[in-house]
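Participant: I have a structure here, written as structure tokens, and I will follow up with some questions on it.
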Amino acid sequence: MLEYWAGPSQNFEFPRAVSWQFKSDTDLYCLMGAQTHALNMTCTTDGKTLAILAADRKVRLFRFATAKLIRVYDESLQLYSGLQQTKQLLPSMEFGRRLAQEKELDRSEFKYNCNLVFDSSGNFLVYATLLGIKVVNVKTNRVVRSLGGPENLRFLQLALLPPRSALAMATSSIGAVGAGTSTCTPSLEMLAMANEDTWASNHSATGAPISAVAALNPVLVCTAFKKNRIYLFTNREPHDIKAE
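When the letters of the sequence shown are read in order and numbered with this note's numbering, they come out as residues 179 to 422.
The structure is reproduced here in structure tokens:
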């Protein structure tokens with residue numbers, strides 16, 4: 179069952195910002211009705227939309243203020259098995275291997291590593307499935323991109339590196355706090371921003387940063403089932419990345 183609490187400023191009482199009083203006026207019982215439970219949840223940056231990944235492999239979107247269900251994305255094995263029989267999504271042996279891997283994942287504690295990620299606009303929801311990583315436009319209700327489908331990997335936990343403008347602000351803030359010192363250890367995000375600046379300068383005919391589009395190139399960071407590695411997805415081709 180899903181519950182709402184306010185923060186410590188309201189002594190963890192019922193929140194005043196929502197537009198309902200009784201659970202019977204909401205869809206918060208939907209997980210109980212489906213005899214499932216939440217594995218992961220996330221909100222858009224504006225706090226208006228809540229996404230929940232449940233153990234029944236369905237992604238549910240709620241309006242946070244009303245706690246009403248907006249959409250359900252079915253990623254169940256039953257759905258994919260049906261599609262495999264009608265559309266031949268993958269060669270039979272490969273689909274069987276992935277299906278067995280999904281069942282193994284369900285039996286392991288690593289299923290709790292699966293997560294959902296909204297981009298900064300709140301328009302796009304990213305999550306991993308049997309066929310790779312889906313990028314769904316929740317406004318148009320369409321899959322706008324699929325990543326990593328041909329890879330022999332089952333992706334689990336995802337993270338989007340924040341826009342470089344936000345990283346620059348964070349770096350400036352750190353510099354202001356520690357003015358006159360150089361003891362700050364750069365984070366992964368800061369290093370990613372620095373590498374992007376270097377790449378943009380090297381690929382510009384004038385020596386100036388080539389474009390805002392290249393500068394704001396998104397990076398998706400992923401882990402995978404039974405793999406001790408981190409995987410990165412980006413719009414740049416591998417040959418564009420200069421080897422260290």
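Here a beta-carbon is modelled for each residue, glycine too, at the ideal position from N, C-alpha and C.
1. Might you give, ordered along the chain, the residues of its own chain that have their beta carbon closer than 6 Å to the beta carbon of residue 214, omitting 5 neighbours on each side?
2. Suppose you measure from the CA of residue 322 to the CA of residue 304; what does that come to, to the nearest Å?
3. Which of the three DSSP states, helix, strand or coil, is assigned to residue 307?
4. Using the Cα positions of residue 301 and residue 404, report the straight-line distance between them to the nearest angstrom.
5. Suppose you measure from the CA of residue 208 to the CA of residue 189; what does that come to, to the nearest Å?
6. Can you tell me where the alpha helix (DSSP H) with residue 210 in it begins and where it stops?
7. With DSSP as the reference, label residue 121 as helix, strand or coil.
8. Whole angstroms are fine: how far does the CA of residue 258 sit from the CA of residue 221?
9. What does residue 302 pair with, by DSSP beta-bridge criteria?
10. Using a Cβ-Cβ cut-off of 6 Å (strictly less than) and excluding sequence neighbours within five positions of residue 311, which residues of its own chain qualify?
11. To the nearest angstrom, how far is the alpha carbon of residue 267 from that of residue 261?
12. From what residue to what residue does the alpha helix (DSSP H) around residue 337 run?
13. Does DSSP put residue 236 in a helix, in a strand, or in coil?
14. Rounded to whole angstroms, what is the Cα-Cα separation between residue 291 and residue 249?
15. Examine the Cβ distances between the region 239-247 and the region 191-204 and report whether three or more of them are shorter than 8 Å.
16. CA-CA distance, residue 398 and residue 296?
17. Taking a contact to mean a Cβ-Cβ separation below 8 Å, would you say residue 253 touches residue 307 in this structure?
18. Near residue 384, what residues of its chain come up, given a Cβ to Cβ distance below 6 Å and the 5 sequence neighbours on each side ignored?
19. If we ignore side chains and look at the alpha-carbon of each, how far apart do residue 206 and residue 181 end up?
20. Between 286, 336, 225, which has its C-alpha nearest residue 159's C-alpha?
21. Got a sec? Which residues, its chain only, sit under 7 Å from residue 402 by beta carbon, not counting five neighbours each side?
22. Per DSSP, what kind of secondary structure is residue 398 in: helix, strand or coil?
23. What is the DSSP secondary structure of residue 273, counted as helix, strand or coil?
24. Pick out whichever of 191, 236, 218 has its Cα sitting closest to the Cα of residue 212.
Facilitator: So, from the data block:
1. 232, 233, 234
2. 10 Å
3. strand
4. 31 Å
5. 27 Å
6. 208-211
7. As displayed, the chain neither begins before 179 nor continues past 422, which places residue 121 out of reach and without an answer.
8. 27 Å
9. 315
10. 325, 326, 333
11. 7 Å
12. Element bounds for residue 337: not the alpha helix (DSSP H) but the beta strand (DSSP E), 333-338.
13. strand
14. 23 Å
15. yes
16. 12 Å
17. yes
18. Because residue 384 sits at a pLDDT of 45, beneath the cut-off of 50, its placement in the model cannot be relied upon, and the point is left open.
19. 8 Å
20. Only positions 179 to 422 of the chain appear in the structure, and residue 159 is not among them; the question remains open.
21. 331, 332, 333, 334, 409
22. strand
23. helix
24. 236
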